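Student:
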Amino acid sequence: METLCFYLFAALAVVCGFLVVANPFSRNPVASAMFLVLTIAALAGLFVLLHAFFLAAVQILVYAGAVMVLFLFVIMLLDLKEEERRSWRKFGLVGGGVAVALIALLMYAALRQSPLGAAGEPRVEGSTAALGELLFRQYLLPFELVGVLLLVGMVGVIWLSKRAVP
Amino acid sequence: MSVGLTHYLVVSLLLFCLGLFGVLVRRNLLVMFMSLELMLNAANLALVAFARYHHNLSGQIMVFFIITVAAAEVAVGLALIVALYRQRRTAHVEDLASLRL
Chain A
0 METLCFYLFA
10 ALAVVCGFLV
20 VANPFSRNPV
30 ASAMFLVLTI
40 AALAGLFVLL
50 HAFFLAAVQI
60 LVYAGAVMVL
70 FLFVIMLLDL
80 KEEERRSWRK
90 FGLVGGGVAV
100 ALIALLMYAA
110 LRQSPLGAAG
120 EPRVEGSTAA
130 LGELLFRQYL
140 LPFELVGVLL
150 LVGMVGVIWL
160 SKRAVP
Chain B
0 MSVGLTHYLV
10 VSLLLFCLGL
20 FGVLVRRNLL
30 VMFMSLELML
40 NAANLALVAF
50 ARYHHNLSGQ
60 IMVFFIITVA
70 AAEVAVGLAL
80 IVALYRQRRT
90 AHVEDLASLR
100 L
């Protein structure tokens, strides 16, 4: 059952990920955004299979909720009609494909050769309580710093969107 | 054959390469940005898989921080794209060539 779920979610994630970057039917950024939502949902499913329940919930809430709504708002604000009539660049397509294929080959070879040390049966872990314990004890300083980062990001965004750029 | 760490890493690898391909090939700033998000998510998947199979919850903490930073990055990046669009009326990287000699 778990194996079946893994293959289902993995196939969904990879196919939708492909449709985000190279949808053969539509060049519309809205279609890309929608397939990105599906990819993120499939990844949340994989997180559940890995017993990272809290992260699966956060993934849905933050990515599929907040981030994608932001993307859709910006797509709505910008007029992107011209995207659909631009053609693919042959050189860029071939060059990018070859480069990415080489990088994929390199990483796969590294994956085959490295000792991953995953012999033992994985324990059930990743409960929200254990995660919170670790977050608020050992990783308290990074947690506070991330809060400051969010504040800085917020101020920066307000400044960028308030000011009419001369 | 049961699902192991390698399976998750292969899925992560595929998603990362798709995202990289999108960043390299697509010329629309928004779609490039979405491809970047795809790459971040692929890294997250690898980290969660390592956390599970190596019995170390720090991987999940790392993913937590990555999600937070990615949210801040998306907000700032999209604000920059909107500011750029206001000034240049385009969201296409090929039209942004004013620094080209």
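As given, the protein sequences belong to chains A and B, one line each in that order.
Under numbering that gives the first Met the number 0, residues 0 to 165 are what the first sequence spells out, in order.
Under numbering that gives the first Met the number 0, residues 0 to 100 are what the second sequence spells out, in order.
Positions of the beta carbon are idealized from the N, C-alpha and C atoms, including for glycine.
Being a predicted model, the structure only gives us computed values, none of them experimental.
1) Going by Cα to Cα distance, which pick from B/27, B/18, B/63 is closest to residue 146 of chain B?
2) Which of the three DSSP states is assigned to residue 40 of chain B in this structure?
3) Give a yes or no on contact between the segment 5-15 of chain B and the segment 105-114 of chain A, applying the rule of three or more CB pairs nearer than 8 Å.
4) Just to confirm before moving on: does the CB-CB distance between residue 65 of chain A and residue 39 of chain A stay below 8 Å?
5) Suppose the cutoff is 6 Å on Cβ atoms and the five residues either side in sequence are ignored; what does the same chain contact list for residue 8 of chain A look like?
6) Using a Cβ-Cβ distance under 8 Å, would residue 71 of chain A count as near chain B?
7) Would you kindly work out how many angstroms separate the C-alpha atoms of residue 55 of chain B and residue 2 of chain B, rounded to a whole number?
8) Where does residue 50 of chain A fall in DSSP's three states?
9) Below 7 Å on C-beta distance, what does residue 30 of chain B contact in chain A?
10) The alpha helix (DSSP H) with residue 63 of chain A in it runs from where to where?
11) Could you check the C-alpha separation between residue 32 of chain B and residue 29 of chain A for me, to the nearest Å?
12) Whole angstroms are fine: how far does the CA of residue 99 of chain B sit from the CA of residue 54 of chain A?
13) Could you confirm whether any beta carbon from chain A is found closer than 8 Å to the beta carbon of residue 97 of chain B?
14) For residue 53 of chain B, which three-state DSSP category applies?
15) Going by DSSP, which residues form a beta bridge with residue 91 of chain B?
16) Please state whether DSSP places residue 31 of chain A in a helix, a strand or coil.
17) Let me check understanding here. Comparing Cα to Cα, which of B/69, B/91, B/11 lies closest to residue 61 of chain A?
18) With a cut-off of 8 Å, do at least 3 Cβ pairs link the segment 66-82 of chain B to the segment 19-27 of chain B?
19) Is residue 151 of chain A helix, strand or coil by DSSP?
20) Give me the Cβ distance between residue 86 of chain B and residue 130 of chain A, rounded to the nearest whole Å; I'm assuming they're in contact under 8 Å.
21) Closest Cβ-Cβ distance between residue 62 of chain B and chain A: below 8 Å?
22) Strictly below 8 Å CB to CB, what residues from chain A border residue 79 of chain B?
23) Note down the Cα distance separating residue 101 of chain A from residue 22 of chain B, rounded to an integer number of angstroms.
24) My understanding is that residue 159 of chain A touches residue 79 of chain B, with C-beta atoms under 8 Å, so please give their C-beta distance in whole angstroms.
25) Applying a beta-carbon distance threshold of less than 8 Å, which residues of chain A neighbour residue 87 of chain B?
26) Please report the residue range of the alpha helix (DSSP H) in which residue 96 of chain A lies.
Tutor: According to the data block:
1) No statement about residue 146 of chain B is possible, as the shown extent of chain B runs from 0 to 100 and does not include it.
2) Here residue 40 of chain B corresponds to residue number 41 of the second sequence, with the count starting at 1. Residue 40 of chain B: helix per DSSP, three-state reduction.
3) yes
4) Here residue 65 of chain A is taken as the residue at index 66 of the first sequence, counted from 1. Here residue 39 of chain A is taken as the residue at index 40 of the first sequence, counted from 1. Against a cut-off of 8 Å, the Cβ pair of residue 39 of chain A and residue 65 of chain A comes out as no contact.
5) Taking the first sequence and counting its residues from 1, one reaches residue 8 of chain A at position 9. For residue 8 of chain A, where only same-chain residues beyond five positions count, the Cβ hits under 6 Å are 41, 44, 45.
6) Mapped onto the first sequence, residue 71 of chain A falls at position 72. No, its Cβ sits nowhere closer than 8 Å to a Cβ of chain B.
7) If you number the second sequence from 1, residue 55 of chain B lands on position 56. If you number the second sequence from 1, residue 2 of chain B lands on position 3. Near 19 Å, if we compare the C-alpha coordinates of residue 2 of chain B and residue 55 of chain B.
8) The count along the first sequence starts at 1 and reaches residue 50 of chain A at position 51. Note: residue 50 of chain A maps to coil in three-state DSSP.
9) The residue labelled residue 30 of chain B in the question sits at position 31 within the second sequence. Chain A residues near residue 30 of chain B: 28, 31.
10) Translated into the one-based positions of the first sequence, residue 63 of chain A becomes position 64. Element bounds for residue 63 of chain A: n/a, residue is neither H nor E.
11) Taking the first residue of the second sequence as position 1, residue 32 of chain B is located at position 33. Taking the first residue of the first sequence as position 1, residue 29 of chain A is located at position 30. Taking the straight line from one Cα to the other gives about 13 Å.
12) Counted from its first residue, the first sequence places residue 54 of chain A at position 55. Counted from its first residue, the second sequence places residue 99 of chain B at position 100. Residue 54 of chain A and residue 99 of chain B: Cα-Cα distance of roughly 44 Å.
13) Numbered from 1 along the second sequence, position 98 holds the residue referred to as residue 97 of chain B. It does not; no Cβ of chain A falls within 8 Å.
14) Looking up residue 53 of chain B in the second sequence gives position 54. Residue 53 of chain B: coil per DSSP, three-state reduction.
15) Here residue 91 of chain B refers to the residue found at position 92 when the second sequence is read from its first residue. Beta-bridge pairing links residue 91 of chain B to B/27.
16) In the first sequence, residue 31 of chain A corresponds to position 32, counting from 1. If DSSP states are grouped into helix, strand and coil, residue 31 of chain A belongs with the helices.
17) Your numbering for residue 61 of chain A matches position 62 in the first sequence. It is B/69 whose Cα lies nearest to the Cα of residue 61 of chain A.
18) no
19) For the purposes of this step, residue 151 of chain A is taken as the residue at position 152 of the first sequence. DSSP places residue 151 of chain A in helix when its eight states are reduced to three.
20) Translated into the one-based positions of the second sequence, residue 86 of chain B becomes position 87. Translated into the one-based positions of the first sequence, residue 130 of chain A becomes position 131. Incorrect: roughly 43 Å between the Cβ atoms, too far for contact.
21) On the second sequence, position 63 is the one that residue 62 of chain B refers to. It does; some Cβ of chain A falls within 8 Å.
22) Position 80 of the second sequence, counted from the start, is the residue given in the question as residue 79 of chain B. Chain A residues near residue 79 of chain B: 159.
23) Translated into positions along the first sequence, residue 101 of chain A becomes position 102. Translated into positions along the second sequence, residue 22 of chain B becomes position 23. One C-alpha to the other measures close to 16 Å.
24) Here the question's residue 159 of chain A lines up with position 160 in the first sequence. Here the question's residue 79 of chain B lines up with position 80 in the second sequence. Contact holds; Cβ gap of about 6 Å.
25) Numbered from its first residue, the second sequence carries residue 87 of chain B at position 88. The premise fails here: residue 87 of chain B is roughly 10 Å from chain A at the closest Cβ pair, so nothing lies under 8 Å.
26) Sequence index remark: in the first sequence, residue 96 of chain A carries index 97 (1-based). First-last of the alpha helix (DSSP H) with residue 96 of chain A: 89-112.
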